[in-house]
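Following the working numbering, the numbering of the sequence shown begins with 1 at its first residue and continues without gaps. Even for Gly, the Cβ is constructed at its ideal location relative to N, Cα and C. As the structure is a computational prediction, the values presented were derived from the model and not from experiment.
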Amino acid sequence: MILNNLKTRIFTSIILLALLVLIISYKFFLIFFSLILGVFSILEFFNITQKIFKKKTLSLILNCLFTTYIFTFCLIFITFSDLVGLKIIIYLLLFGCIASDLGGYIIGKIFKGPKLSKISPNKTISGAIGSILFTTCTIYLFSIYFYINLNTNLIIVSLLLSIGCQTGDLFFSFLKRRAKIKDTGNILPGHGGVLDRIDGILFGVPIGLITLFLIY
C-alpha cells in the first residue's frame, strides 16, 4: 500500500514538474494554469472554512480575503513574467519553496527525531533544518548560474523563505485539523489537493519577495 502510494506520488510529481517547465517557458501556460490552480485552491479553501466556521458571515469574510490574496498572488506571477530580471527572482523563490518542501520531506524521513509541532505530527525538527539547508543550497546553485554573489543578504532570504514555507504548511495543517480532514482535496493523486501542494509557496514567495526588496 505504501509502495503504491509512493509510486503514485512520484508519477504525479513528474507530471507537475513537466507542467512547471511549460509554465516557465510559455506565458500562455502560466496564465492558464494560474487560473486553474487559483480556482481549485479557492474552492478547497471554501470547503475548509465551511467545515470549521458555523457562522456564515465569518466564513464569507475569510473566503473573500483568501480569494483576493490568490488573485493578487497569481497577478504578480503573471506580471513579473514579462520582465526578465523579475521573472528570474520570482522563479528563484518558487524553486526555493519547492526545495524547502523536498528537504523537509527527505531529511525528516531519514533522521526523524522530535516533532516540530502538535499541529502537524509528520513535521520534525530535523525536517525543518533540512528545509532550510535545501533552500539555501538551491539559492546557491541559482546564484552560480545567474552570476549572483552569494552574500549574507541572500542567505537571510533563503532562511526567511524556508521559514515562510514551513509556516504556510503548518497554517494549512492547522486548518485541516480544525476541519477534521486529511487533505484539502484529491485532484492530485498521491499529493491530495492543490492547497496541499502550494500551501508553503503561498507564504514563502511573498515573504521572500518582501525580504529581497527590503535588503537589496
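*Skipping 5 residues on each side, what residues in its chain have a beta carbon closer than 6 Å to that of G127?*
For G127, where only same-chain residues beyond five positions count, the Cβ hits under 6 Å are G104, I107 and G108.
*Assuming L159 and I132 form a contact by the criterion Cβ under 8 Å, report the distance between their Cβ atoms to the nearest whole angstrom.*
Right, their Cβ atoms sit about 6 Å apart.
*Candidates K112, I89, G113 and I187, of which the one nearest V157 by Cα*: Taking only the C-alpha atoms, the option nearest V157 is I89.
*Tell me the DSSP bridge mates of L188?*
Looking at the DSSP output, L188 shares a beta bridge with G192.
_Under 8 Å: do the segment 179-187 and the segment 111-118 share three or more Cβ pairs, one atom per stretch?_
At 8 Å Cβ cutoff, the stretches do not touch.
*What's the C-alpha gap between T285 and F172?*
Since the first and last residues shown for the chain are 1 and 216, residue 285 lies out of range.
*Alpha carbon to alpha carbon, how far is F40 from L58? Give it in angstroms, no decimals.*
Going from the Cα of L58 to the Cα of F40 covers about 21 Å.
*Hey, could you find the ends of the alpha helix (DSSP H) I225 is sitting in?*
Look at the range of the chain in this structure, 1 to 216, and you will see that residue 225 is not part of it.
*Thinking C-beta only, is T135 closer than 8 Å to I155?*
No, Cβ-Cβ distance for I155 and T135 is not below 8 Å.
*asked:* Tell me which residues share the same chain as G208 and place their Cβ nearer than 7 Å to its Cβ, disregarding the 5 neighbours each side in the sequence.
replied: These residues qualify, in order along the chain: L93, G96, V157, L160, L161 and G164.
_Member of F45, D82, L75 and T79 whose CA lies at the smallest distance from the CA of C64_ = Ranking the options by Cα distance to C64, first place goes to F45.
*From L195, Q166 and K27, pick the residue whose C-alpha is nearest to that of L83; which is it?*
Answer by Cα proximity: K27.
*Nearest-angstrom Cα distance between I144 and A18?*
Between I144 and A18, the alpha-carbon positions lie close to 24 Å from each other.
*Going along the chain, which residues of its own chain have a beta-carbon closer than 7 Å to the beta-carbon of I24, five neighbours each way excluded?*
Correct list, in chain order: Y91.
*asked:* Quick check on the DSSP output: the alpha helix (DSSP H) that includes I89 runs from which residue to which?
replied: In the DSSP assignment, I89 falls within the unbroken alpha helix (DSSP H) covering V84 to F111.
*What's the C-alpha gap between L30 and I201?*
Cα to Cα, the separation comes out at about 16 Å.
_Can you tell me whether K115 is helix, strand or coil according to DSSP?_
K115 falls in the strand class under three-state DSSP.
*asked:* Quick check on the burial criterion: 16 or more other C-beta atoms within 10 angstroms. Buried or exposed for I218?
replied: Lying outside 1 to 216, the shown extent of the chain, residue 218 is not represented and no answer is given.
*Tell me T124's beta-bridge partners as DSSP assigns them.*
DSSP, once it has assigned bridges, lists K115 as partnering T124.
*Using the beta-carbon count (16 or more within 10 Å), is T211 buried or exposed?*
By the neighbour-count rule (16 or more Cβ atoms within 10 Å), T211 is buried.
*State the Cα-Cα distance for the pair L75 and G193, rounded to the nearest angstrom.*
Between the alpha carbons of L75 and G193 lies a distance of about 22 Å.
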